[in-house]
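Colleague: Before we start, here is the structure in question, set down as structure tokens.
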Amino acid sequence: MMRRPILAILFCTLSIASFGQKNYFVGGLFFNANGMHMVGNADQYWQNSNGTVWGGGGISAGAYVKRDIGKAGYLSFEMRFIQKGSVYEYIAPNGAHSTEGIRLHYLELPLSIGYYMGSSSNYILLESGFACAKLISANDNAEKLVQRAGLTNEESFKDYDISWINMIKFPLNRKGRDNFLFGFRFSYSFLSVHKYYKLRNMVFGLQLDYLFNN
Numbered sequence: 001m002m003r004r005p006i007l008a009i010l011f012c013t014l015s016i017a018s019f020g021q022k023n024y025f026v027g028g029l030f031f032n033a034n035g036m037h038m039v040g041n042a043d044q045y046w047q048n049s050n051g052t053v054w055g056g057g058g059i060s061a062g063a064y065v066k067r068d069i070g071k072a073g074y075l076s077f078e079m080r081f082i083q084k085g086s087v088y089e090y091i092a093p094n095g096a097h098s099t100e101g102i103r104l105h106y107l108e109l110p111l112s113i114g115y116y117m118g119s120s121s122n123y124i125l126l127e128s129g130f131a132c133a134k135l136i137s138a139n140d141n142a143e144k145l146v147q148r149a150g151l152t153n154e155e156s157f158k159d160y161d162i163s164w165i166n167m168i169k170f171p172l173n174r175k176g177r178d179n180f181l182f183g184f185r186f187s188y189s190f191l192s193v194h195k196y197y198k199l200r201n202m203v204f205g206l207q208l209d210y211l212f213n214n
């Protein structure tokens, strides 16, 4: 199951590099180290249990193209593999503290508009937009939670996620080609990602970009 999105991202990467060189688009790769958390009706989601919900860690990676609009703006389109979810901490029957992670894997397509703020030699990049994501796989901890705690409908996550995204990026090699960027990314679900409980994904993390033909 996981091989398909990886192959899709590799294919997209090669296509972006070729397309960008011929059509005045700039193609790039990125990698994210993420913090992830589910917000909303978490207490209702685990209402019959004895645990708490807190954030976990994940990754995201992929490729993108961007094209300048006017003197200070640009559009960016991505193909991103991203992990979302939360960690659940509970007390086992033997009295020990245990944890289970709910990890949702998405193939995400973000579209954002960006702005170069500052001078040509000293600037930062600001981005904001929307992302549509398809759930491609999930771990089985939700099903284990159903069996252990006697809960119902816990595994009924929707197969899509629509989120709002924001980014800020800083060039790392201003005296060179400006092809390495470092920044912070934040995303938050517009709609609940669960069929029965109001739960939303919140993902935040640090990102490193490499631009092919900047």
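Under this note's numbering, the final residue of the sequence shown carries the number 214; numbering is consecutive throughout. Glycine is no exception: its CB is placed at the ideal position from the N, C-alpha and C atoms. In this text, all values refer to a predicted model and were calculated from it rather than measured experimentally.
#1: So the candidates are Y106, L126, Y116 and G118; which of them puts its Cα closest to the Cα of C132?
#2: Would you report the Cα separation of S189 and V87, rounded to the nearest angstrom?
#3: Would the segment 53 to 64 and the segment 26 to 43 be scored as touching if the rule is three or more Cβ pairs under 8 angstroms?
#4: From this set, Q207, S192 and P93, which residue's C-alpha is nearest F170's C-alpha?
#5: Around the C-beta of R200, are 16 or more other C-beta atoms found within 10 angstroms, so that it is buried, or is it exposed?
#6: So K134 is in the beta strand (DSSP E); what residue range does that whole segment cover?
#7: Distance check for Y210 and L181, CA to CA, integer angstroms please.
#8: Have a look at the DSSP bridge pairing and note the partners of A72.
#9: Determine the DSSP secondary structure at Y197, reduced to helix, strand or coil.
#10: Looking only at its own chain, which residues have a Cβ that is under 7 angstroms from the Cβ of F77, when we skip the five neighbours before and after it?
#11: When the Cα atoms are used, what is the spatial distance from E100 to A72?
#12: Could you tell me the alpha carbon to alpha carbon distance between M36 and G56, rounded to whole angstroms?
#13: Which first and last residues belong to the beta strand (DSSP E) in which L191 is found?
#14: From H194 to F157, what does the alpha carbon distance come to, in whole angstroms?
#15: Can you tell me whether D161 is buried or exposed? The criterion is at least 16 other CB atoms within 10 Å of its CB, across all chains shown.
#16: Could you tell me the alpha carbon to alpha carbon distance between Y74 and F130, rounded to whole angstroms?
#17: By a C-beta neighbour count over all protein chains shown, 10 Å radius and 16 as the cutoff for buried, is G187 buried or exposed?
#18: Between Y197 and I82, what straight-line distance do the alpha-carbon atoms span, to the nearest angstrom?
Modeller: In this structure, then:
#1: Y106
#2: 18 angstroms
#3: yes
#4: Q207
#5: buried
#6: Y123 to A138
#7: The alpha-carbon atoms of L181 and Y210 are separated by roughly 7 angstroms.
#8: A72 is not bridged to any residue.
#9: coil
#10: Y64, V65 and L111
#11: Between the C-alpha atoms of E100 and A72 there is a straight-line separation of about 46 angstroms.
#12: 5 angstroms
#13: Segment: none, L191 is in no beta strand (DSSP E) and carries neither H nor E.
#14: 4 angstroms
#15: buried
#16: Spanning the two alpha carbons is a distance of roughly 15 angstroms.
#17: According to the sequence displayed, residue 187 carries Ser and not Gly. By the 10 Å Cβ count, S187 comes out buried.
#18: Rounded to whole angstroms, Y197 to I82 spans 22 angstroms at the Cα level.
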